[in-house]
Amino acid sequence: MSDNLTQPQGTVGKRIRNSLIAFAAIALSVSLFLGLQTPTESASLDGQAESAVPLEVALNNGKPTLMEFYANWCTSCQAMAKDLQELKQDYGSDVNFVMLNVDNSKWLPEILRYRVDGIPHFVYLNRQGDAIAQTLGEQPHSVLQADLEALIANAPLPYANATGKTSEFNAQGQSPSSSDPRSHGAQVQ
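Counting from 1, position 23 in the sequence shown corresponds to residue 23 in full-length UniProt numbering; the numbering is continuous, with no gaps.
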């Protein structure tokens, strides 16, 4: 009979141990899941796009404009997100910051008009809404800052038509060298 009394206590002990292990596994899984949910640069691009000046407003409010063509999958766009956010904080009262996502077909007329074939693609518009310069690809903070200061002063942009690292893009939303726009020009084997 003493074996019968010991057996249930052992079973209770195993159940408690297994319950603790299961609880720890669930807690660890939840912690890991929540840890992976931290904001990324891509989310930062979305946030910046939401707070950007709408194109129609920018074309009619008498302020010069920096228009960025971007995509969330564009690593160059993500790399520049922090710099652009800082520049927007510094110059946002003097310059319109407009963001147009190339994955949104709504912007196809602008994509074609400004001949966007790589991103990020920046178009500088004067106070009348006329394009006066374009730059393509990643640009250092100092280059963007110098161009913005010249734009505000209605002076020639010192780094107009500069080219940096880009992600290829065409109006169909596909990289010319691949069917996957996230390949950034890599050849598919």
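Even for Gly, the Cβ is constructed at its ideal location relative to N, Cα and C.
DSSP bridge partner residues for residue i (one or two, in chain order)
i: T65; result: N96, L125
i: N104; result: Answer is none; N104 lacks a bridge partner.
i: A131; result: L125
i: Y70; result: N101
Reference residue i, options the options, closest by Cα
i: I111; options: A71, Q89, I16; result: A71
i: D94; options: A27, S29, R115, N154; result: N154
i: E68; options: N101, S44, R15; result: N101
i: H141; options: A58, Y91, Q128, W107; result: Y91
i: Q128; options: Y114, Q89, N96; result: N96
i: K88; options: Q48, A58, Y159; result: Q48
i: P120; options: V12, G62, A27, M80; result: M80
i: E86; options: Q145, F23, R113; result: Q145
i: D147; options: Y124, E138, S29; result: Y124
i: E138; options: I152, K106, L84; result: L84
i: G75; options: I152, G118, N18, I16; result: The displayed chain sequence assigns Thr, not Gly, to residue 75. The shortest Cα separation from T75 among I152, G118, N18, I16 belongs to G118.
i: L55; options: E149, L151, K106; result: K106
i: I152; options: G62, W73, K82; result: G62
Residue j beta carbon less than 8 Å from that of residue i
i: N161; j: A133; result: yes
i: F122; j: L157; result: no
i: A52; j: V116; result: no
i: T135; j: Y114; result: no
Rounded distance between the beta-carbons of residue j and residue i, thought under 8 Å
i: N126; j: P64; result: 6 Å
i: C77; j: L108; result: With 8 Å as the limit, C77 and L108 do not qualify as a contact, their Cβ atoms being about 18 Å apart.
Closer than 7 Å: residue i CB and nearest the ligand SAM heavy atom
i: V116; result: Absence of the ligand SAM is noted for the structure shown, with no ligands found whatsoever.
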